[in-house]
Amino acid sequence: MSIIEPFISDLDESQQEIVRLAREFAQKEIAPYAADWDREKRYPEAVMRQLAELGFFGMRVPEAFGGLGLDTLTYLLVLEELATADAATSITLSVHNSLPVSMLTAHGSDAQKQRWLPAMAKGEVLAAFSLSEAGAGSDAAAVRALAVRDGDQWVLSGEKAWVTNGDRANLLVMLLRTDSPESRLGHRGMTMFLVPSDTPGVVSGKPEDKMGLRSSGTTTVALHDVRLSGEHVLGKEGEGFRYALQALDLGRMGVAAQAIGIARASLEHAVRYGAERQQFGKPIKDFQAIRFKLADMVSRISASRALLSETARAVENGMRVTERASMAKLFATESAMWVTNQAVQVYGGYGYMRDYPVERLFRDAKVTEIYEGTSEVQRIVIARGLYPK
Numbered sequence: 037m038s039i040i041e042p043f044i045s046d047l048d049e050s051q052q053e054i055v056r057l058a059r060e061f062a063q064k065e066i067a068p069y070a071a072d073w074d075r076e077k078r079y080p081e082a083v084m085r086q087l088a089e090l091g092f093f094g095m096r097v098p099e100a101f102g103g104l105g106l107d108t109l110t111y112l113l114v115l116e117e118l119a120t121a122d123a124a125t126s127i128t129l130s131v132h133n134s135l136p137v138s139m140l141t142a143h144g145s146d147a148q149k150q151r152w153l154p155a156m157a158k159g160e161v162l163a164a165f166s167l168s169e170a171g172a173g174s175d176a177a178a179v180r181a182l183a184v185r186d187g188d189q190w191v192l193s194g195e196k197a198w199v200t201n202g203d204r205a206n207l208l209v210m211l212l213r214t215d216s217p218e219s220r221l222g223h224r225g226m227t228m229f230l231v232p233s234d235t236p237g238v239v240s241g242k243p244e245d246k247m248g249l250r251s252s253g254t255t256t257v258a259l260h261d262v263r264l265s266g267e268h269v270l271g272k273e274g275e276g277f278r279y280a281l282q283a284l285d286l287g288r289m290g291v292a293a294q295a296i297g298i299a300r301a302s303l304e305h306a307v308r309y310g311a312e313r314q315q316f317g318k319p320i321k322d323f324q325a326i327r328f329k330l331a332d333m334v335s336r337i338s339a340s341r342a343l344l345s346e347t348a349r350a351v352e353n354g355m356r357v358t359e360r361a362s363m364a365k366l367f368a369t370e371s372a373m374w375v376t377n378q379a380v381q382v383y384g385g386y387g388y389m390r391d392y393p394v395e396r397l398f399r400d401a402k403v404t405e406i407y408e409g410t411s412e413v414q415r416i417v418i419a420r421g422l423y424p425k
């Protein structure tokens, strides 16, 4: 086994088989076409249907509801394998599983679970998570989209931003303010809602024209006096922000896995190119400058994976992992940005050209330092853990 690939021999046979299946599918059905999807900003519908048939839309859905019920480490290794082929495909499944699925599983009523989880496991329902707004990114307490009681219904209004899967999601798990925006309740004045995208008044905006992840749709979602019954409240009123933070632990770990996959693909391309490219009468891999660069790249990838694996095992042992999840995301994403930059450097002028894969990987890596909490926010979370109240 290459030192670039994850070490999976400590997993049981069924776990190893799932990771191998993800790797084989990703390299055969995704990697050869990812550059075209990126160039055309095309969502790979046929591949997503195949992933649904393989059960990957239900990776975190409990087996009782028709899902695979994967443990955290196996789930993250699958995301890494998918991201090695195409980061946009990986994040579509990561958002679906890490956020809506996990919140429904943890806080949904029996009726909500029965209605949504089996369909989510089959890929019949694609879910999105909607927290951010134009004025509420890192400052999530600044959320102003409202849900107001009207008899036995809620009336929703406002606009959400940067919604991954927002153009295709059937279900939006949405954090809304249920007190006045001018009140002092802050985080305690927010509630999580399950918003079917076909509800009258729900309007998805045009997909953003992004630097990377161009085959994954990112949109605004506007709420124009959307009426929902109380059955659409997820969990307890006023607890939505807490639910979001709990889910973001796994979400950030998913982004870390995505970043590791991007970095790994960059390294694999750089290693191959180093053996093929000739300068001064020999392959550039024979120059110490290139060898040291490659050695540093694989070391950062391996360290990122080790930190993420430790965090995943802590989750399975029932430990609180907020700071560890932030460390894993911070280190893996900043390492991915560094590794992809080095890969471009190994390619030289060719690395700057869209005809070569490392250019796309460099673009895809950048957003991992931004979404589901910027690197700066991760440092705040980590440092706060050093001085617990």
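37 is the number of the first residue of the sequence shown in the working numbering; add one for each residue after it.
C-beta atoms are modelled at their ideal positions from N, C-alpha and C, and glycine is treated no differently.
Are there three or more Cβ pairs, one per stretch, closer than 8 Å when the segment 361-380 is compared with the segment 408-421? Three or more Cβ pairs drawn from the segment 361-380 and the segment 408-421 lie within less than 8 Å of each other, which places the two stretches in contact.
Let me know the secondary structure DSSP gives lysine 365 once reduced to three states. helix
Is the beta carbon of methionine 426 less than 9 Å from the beta carbon of leucine 281? Residue 426 cannot be examined here, being either before or after the span of the chain that is shown, 37 to 425.
With valine 291 as the anchor, note down where its alpha helix (DSSP H) starts and where it stops. The continuous alpha helix (DSSP H) containing valine 291 extends over residues 276-312.
Identify which residue in Lys158, Leu212 and Ala258 has its Cα closest to the Cα of alanine 197. The shortest CA-to-CA distance from alanine 197 to any of Lys158, Leu212 and Ala258 is the one to Ala258.
Would you decide whether proline 42 is buried or exposed? Buried here means 16 or more other CB atoms lie within 10 Å of its CB. buried
According to DSSP, what are the bridge partners of methionine 226? Arg213
Answer yes if the segment 141-149 comes into contact with the segment 310-327, meaning at least three C-beta pairs across the two stretches below 8 Å, and no otherwise. Output reads no: the segment 141-149 does not touch the segment 310-327.
For alanine 401, which residues of its own chain have a beta-carbon under 6 Å away from its beta-carbon, when the five flanking residues on both sides are left out? By the criterion of a C-beta distance shorter than 6 Å, alanine 401 is surrounded in its chain by Ile298, Ala372, Met373 and Thr376, once the five residues flanking it on both sides are discounted.
Among Glu370, Tyr79 and Pro68, nearest to aspartate 203 - alpha-carbon criterion: Tyr79
How about threonine 125 and serine 240: are their beta carbons less than 9 Å apart? no
Using beta-carbon positions only, say whether glycine 276 and leucine 182 come within less than 9 Å of one another. no
In terms of DSSP beta bridges, what is threonine 108 paired with? None, per the DSSP bridge assignment.
Does valine 184 come out as helix, strand or coil in the three-state DSSP assignment? strand
In angstroms, rounded to a whole number, what distance separates the CA positions of arginine 396 and glutamate 405? 16 Å
Suppose the cutoff is 7 Å on Cβ atoms and the five residues either side in sequence are ignored; what does the same chain contact list for alanine 301 look like? Result list for alanine 301: Thr120 and Leu397, in chain order.
Indicate the three-state DSSP secondary structure (helix, strand or coil) for proline 393 in the structure shown. helix
contact_flag[the segment 74-91, the segment 52-66] where n(CB pairs < 8 Å) is 3 or more: yes
Between which residues of its own chain and arginine 341 is the CB-CB distance below 7 Å, once the five residues before and five after are set aside? Within the same chain, arginine 341 has close Cβ partners Pro42 and Ile296.
Is it a yes or a no for the segment 165-182 touching the segment 243-250, going by three-plus beta-carbon pairs under 8 Å? Segments in contact, no.
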